Amino acid sequence: MSRKQTPLRPYFEKMAEIGKELREGEVRRSQANVDLVREQEAIISQEVERVRNAGIPAEKIHQRGGMTIYDRLDYLVDEGTWNPLHTLYNPADNEEGCTGVVNGLGKIEGKWAVIIGFDNKVMAGAWIAGQAENILMVTDLAKRLNIPLVWMTNCSGVKLMEQETVYAGRRSSGAPFYRHADLNHLGIPILNGIYGTNPAGGGYQGISPTILLAHDGANIAVGGAGIVGGMNPKGYIDEEAAQALIEGTKNFKGKAPGRVETHFDQTAYFREAHDTEQGVLDGIKDYMRMMPAYDPTMFRVAEPAEPRLNVEDLNLILPANQKRPYDAIQILARLTDNSEFMEYRPDYGREVFTGIAKIDGFPVAFIGNQQGVFPGYPEYAKGEYPGVGGKHYREGLIKQGEFVTLCGRDNLPIIWLQDTTGIDVGDLAEEAELLALGQSLVYSIEQTELSMMCVVLRKGTAAAHYIMCGPQANNNNAFTLGTPLTEIYVMHGETAAAASYARRLVKEDDAGNDLSPILDKMNQMIQDYQDKSRPVYSAEKGFVDEIVSLTDLRKYIQAFTGANYQNPKSITPVHQMLLPRIIKG
Numbered sequence: 005m006s007r008k009q010t011p012l013r014p015y016f017e018k019m020a021e022i023g024k025e026l027r028e029g030e031v032r033r034s035q036a037n038v039d040l041v042r043e044q045e046a047i048i049s050q051e052v053e054r055v056r057n058a059g060i061p062a063e064k065i066h067q068r069g070g071m072t073i074y075d076r077l078d079y080l081v082d083e084g085t086w087n088p089l090h091t092l093y094n095p096a097d098n099e100e101g102c103t104g105v106v107n108g109l110g111k112i113e114g115k116w117a118v119i120i121g122f123d124n125k126v127m128a129g130a131w132i133a134g135q136a137e138n139i140l141m142v143t144d145l146a147k148r149l150n151i152p153l154v155w156m157t158n159c160s161g162v163k164l165m166e167q168e169t170v171y172a173g174r175r176s177s178g179a180p181f182y183r184h185a186d187l188n189h190l191g192i193p194i195l196n197g198i199y200g201t202n203p204a205g206g207g208y209q210g211i212s213p214t215i216l217l218a219h220d221g222a223n224i225a226v227g228g229a230g231i232v233g234g235m236n237p238k239g240y241i242d243e244e245a246a247q248a249l250i251e252g253t254k255n256f257k258g259k260a261p262g263r264v265e266t267h268f269d270q271t272a273y274f275r276e277a278h279d280t281e282q283g284v285l286d287g288i289k290d291y292m293r294m295m296p297a298y299d300p301t302m303f304r305v306a307e308p309a310e311p312r313l314n315v316e317d318l319n320l321i322l323p324a325n326q327k328r329p330y331d332a333i334q335i336l337a338r339l340t341d342n343s344e345f346m347e348y349r350p351d352y353g354r355e356v357f358t359g360i361a362k363i364d365g366f367p368v369a370f371i372g373n374q375q376g377v378f379p380g381y382p383e384y385a386k387g388e389y390p391g392v393g394g395k396h397y398r399e400g401l402i403k404q405g406e407f408v409t410l411c412g413r414d415n416l417p418i419i420w421l422q423d424t425t426g427i428d429v430g431d432l433a434e435e436a437e438l439l440a441l442g443q444s445l446v447y448s449i450e451q452t453e454l455s456m457m458c459v460v461l462r463k464g465t466a467a468a469h470y471i472m473c474g475p476q477a478n479n480n481n482a483f484t485l486g487t488p489l490t491e492i493y494v495m496h497g498e499t500a501a502a503a504s505y506a507r508r509l510v511k512e513d514d515a516g517n518d519l520s521p522i523l524d525k526m527n528q529m530i531q532d533y534q535d536k537s538r539p540v541y542s543a544e545k546g547f548v549d550e551i552v553s554l555t556d557l558r559k560y561i562q563a564f565t566g567a568n569y570q571n572p573k574s575i576t577p578v579h580q581m582l583l584p585r586i587i588k589g
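Taking the numbering used here, I'd label the letters of the sequence shown as residues 5 to 589.
What follows is the structure in structure tokens.
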């Protein structure tokens with residue numbers, strides 16, 4: 005008789021249950037918190053809708069018989085698997101209100117891919133400010149997760165009126181062509197569905213991927229047909245030159261170069277040409293079925309399961325009041341399979357939790373900040389002050405560095421749940437080596453080849469935001485999520501105002517001067533910190549890659565985990581892992 009089982013079944017099949025049901029009184033008292041979360045969600049939803057409606061109305065594209073980028077995504081991506089990223093990203097605050105590309109993680113024909121397309125409603129997919137950095141983040145994501153990159157190219161080239169914002173520079177709009185070459189070199193395929201007119205930069209955007217599939221009306225070319233002749237360059241345009249330009253434009257009859265009859269019939273760059281837009285997407289689906297992907301059974305340590313506790317509770321548990329503590333394990337219990345967790349060194353470094361959980365049956369590591377007050381801790385303080393949740397102390401930093409190193413050895417992807425106010429400061433903290441231990445954690449992260457995901461639940465503050473695998477961890481951080489309650493700043497606004505103006509206050513007070521002008525500046529600074537740390541601002545400036553409702557966090561965690569285990573570059577046999585044995589003792 006044949007028998008089968010998952011690996012290390014005694015360790016993984018049934019882990020310790022965590023969390024508990026909320027009591028009726030807790031639910032009742034937290035309704036106001038739900039209202040505050042919903043208020044922020046409404047603000048975020050309004051901004052998302054504004055971005056979706058950027059450019060010309062979708063109806064105009066439909067009247068021409070075309071599909072918008074959102075229509076293409078709906079047709080291409082497996083239902084229920086789309087996880088958008090960089091929706092609100094617009095670091096240059098350009099007039100289009102977006103960067104002109106739409107991207108995220110999703111499944112196509114059952115396989116995870118990083119998916120991106122030009123928004124053909126916005127200047128016909130032109131290069132605009134902020135777009136290159138958005139694309140580079142997307143190519144980094146495909147590289148980090150080792151999964152295919154899927155493009156829907158519909159790019160009219162440079163927005164010529166603002167060429168200085170996109171054309172030149174180390175991370176300009178030409179950099180993605182090099183990133184495409186890098187991905188191809190690494191064996192990460194890029195599938196490209198090509199639509200519309202794609203001259204110059206659009207042409208290189210079209211030619212640089214691995215597999216090219218085109219709509220019959222598409223073209224890719226070094227230059228466009230719209231550059232008319234007939235002018236005598238003078239360095240300026242006068243009436244005579246304008247008339248020549250008018251006549252040249254009226255009489256211009258040329259076809260766009262690089263059409264399907266050239267690059268399918270002659271050069272054979274295009275693998276496929278389709279007479280419908282849907283046909284191109286069907287072609288991408290066909291190629292996605294060819295992509296390398298392990299069966300999930302290869303890496304699962306248990307059957308997939310939903311959390312035992314209700315994910316909707318998250319809006320009740322995570323306080324909108326940033327100063328109010330909560331039980332971080334209650335958050336974790338609404339994210340993991342069966343609300344189970346195998347904790348690493350729970351009695352050491354009490355301000356952070358570390359351990360292994362299951363997501364869709366896959367083993368995943370979690371690290372997060374505990375909240376509350378810890379009397380008698382840290383030991384180096386010798387009772388001068390208690391430890392406070394959200395801060396990092398000696399033991400916690402050592403524990404995190406150890407845990408990350410062991411995760412690297414066992415090839416466990418890490419999810420960081422940040423809600424941090426910083427690292428302990430003062431002479432006692434310096435004597436306890438916190439400065440070096442913080443950098444040691446950065447070193448531990450950098451020495452692994454792991455993919456990591458960061459969620460800033462509420463506060464991302466000071467150097468602690470960096471060391472907990474914030475977006476600065478370019479070689480490891482796949483993406484960073486914010487929530488409706490996220491605030492990201494170097495320090496609280498009041499602290500910053502005090503640090504900036506305390507000496508000035510002393511000087512003015514000693515001189516007997518009115519303090520009102522200084523107080524006005526301090527309060528304005530506090531307001532600026534508030535305005536420039538909120539969720540929408542954080543997403544626009546790229547402090548986070550997406551703002552996600554608390555109830556959608558598990559969906560993104562599932563996407564991150566599934567993508568990690570789809571085609572990993574390195575494998576630790578489950579039965580050879582050390583961390584579960586170390587935890588058990």
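Beta carbons: idealized from backbone N, C-alpha and C, even for Gly.
Quick caveat: nothing in here was measured; it's all calculated off a predicted structure.
The residues 224 and 273, in chain order, have a CB closer than 8 Å to that of residue 211 in the same chain once the five nearest residues on each side in sequence are set aside. Under the three-state reduction of DSSP, residue 462 is assigned to strand. 8 Å or more divides the Cβ of residue 378 from the Cβ of residue 359. Closest in alpha carbon position to residue 362, among 356, 347 and 480, is 347.
An exposed status is given to residue 294, since fewer than 16 other beta-carbon atoms sit within 10 Å of its beta-carbon. Measuring C-alpha to C-alpha distances from residue 351 to each of 343, 374, 50 and 531 identifies 374 as the nearest.
Between the alpha carbons of residue 116 and residue 485 lies a distance of about 19 Å. According to the DSSP assignment, residue 446 belongs to the alpha helix (DSSP H) that extends over 438-450. Note that the segment 303-320 does not touch the segment 240-255; fewer than 3 beta-carbon pairs, one per stretch, sit closer than 8 Å. In the assembly as shown, residue 76 is a buried residue. Its beta-carbon has 16 or more other beta-carbons within 10 Å. Taking a 10 Å sphere around the C-beta of residue 7, we find fewer than 16 other C-beta atoms and assign the residue as exposed. When secondary structure is reduced to three states using DSSP, residue 115 falls in the strand class. In the three-state DSSP reduction, residue 568 falls in the helix class (H, G or I). Secondary structure remark: continuous alpha helix (DSSP H) runs of at least 4 residues inside the segment 48-100, in chain order: 62-67 and 73-80. In the displayed model, residue 127 falls within a helix according to three-state DSSP. Note on residue 206: 16 or more other CB atoms within 10 angstroms of its CB, so buried under the neighbour-count rule.
Take the alpha-carbon of residue 240 and the one of residue 178: they are about 28 Å apart.
According to the DSSP assignment, residue 184 belongs to the alpha helix (DSSP H) that extends over 179-189. Per DSSP, the continuous beta strand (DSSP E) segment holding residue 368 begins and ends at 366-373. For residue 493, the pairing in a beta bridge is given by DSSP as 465.
With contacts defined by Cβ atoms closer than 8 Å, residue 382 and residue 394 do not form a contacting pair. Within the DSSP bridge table, the entry for residue 216 names 196 as partners. Residue 414: member of the alpha helix (DSSP H) spanning 398-414, first to last residue.
Look at residue 263 here: in three-state DSSP terms it is strand.
Comparing C-alpha distances from residue 339 to each of 554, 137, 483 and 329 shows the shortest one belongs to 554.
Where residue 142 is concerned, the enclosing alpha helix (DSSP H) starts and stops at 135-149.
Considering only 413, 60, 492 and 182, the residue with the shortest C-alpha distance to residue 577 is 413.
Judged by DSSP in its simplified three-state form, residue 344 adopts strand. Boundaries of the alpha helix (DSSP H) around residue 534: 520-535. Secondary structure note for residue 433: it is in no beta strand (DSSP E), and the uninterrupted alpha helix (DSSP H) holding it is 431-435. When secondary structure is reduced to three states using DSSP, residue 16 falls in the helix class.
Collapsing the DSSP output to three states places residue 290 in a helix.
Between residue 73 and residue 156 the beta-carbon gap is near 6 Å, inside 8 Å, which marks them as a contact.
Counting only the Cα atoms, residue 560 lies some 9 Å from residue 85. In the structure shown, residue 255 adopts helical secondary structure according to DSSP, grouped into three states. For residue 151, same chain residues with a beta-carbon under 7 Å away, outside a window of 5 residues either side, are 116, 117, 118, 567, 570 and 571 in chain order.
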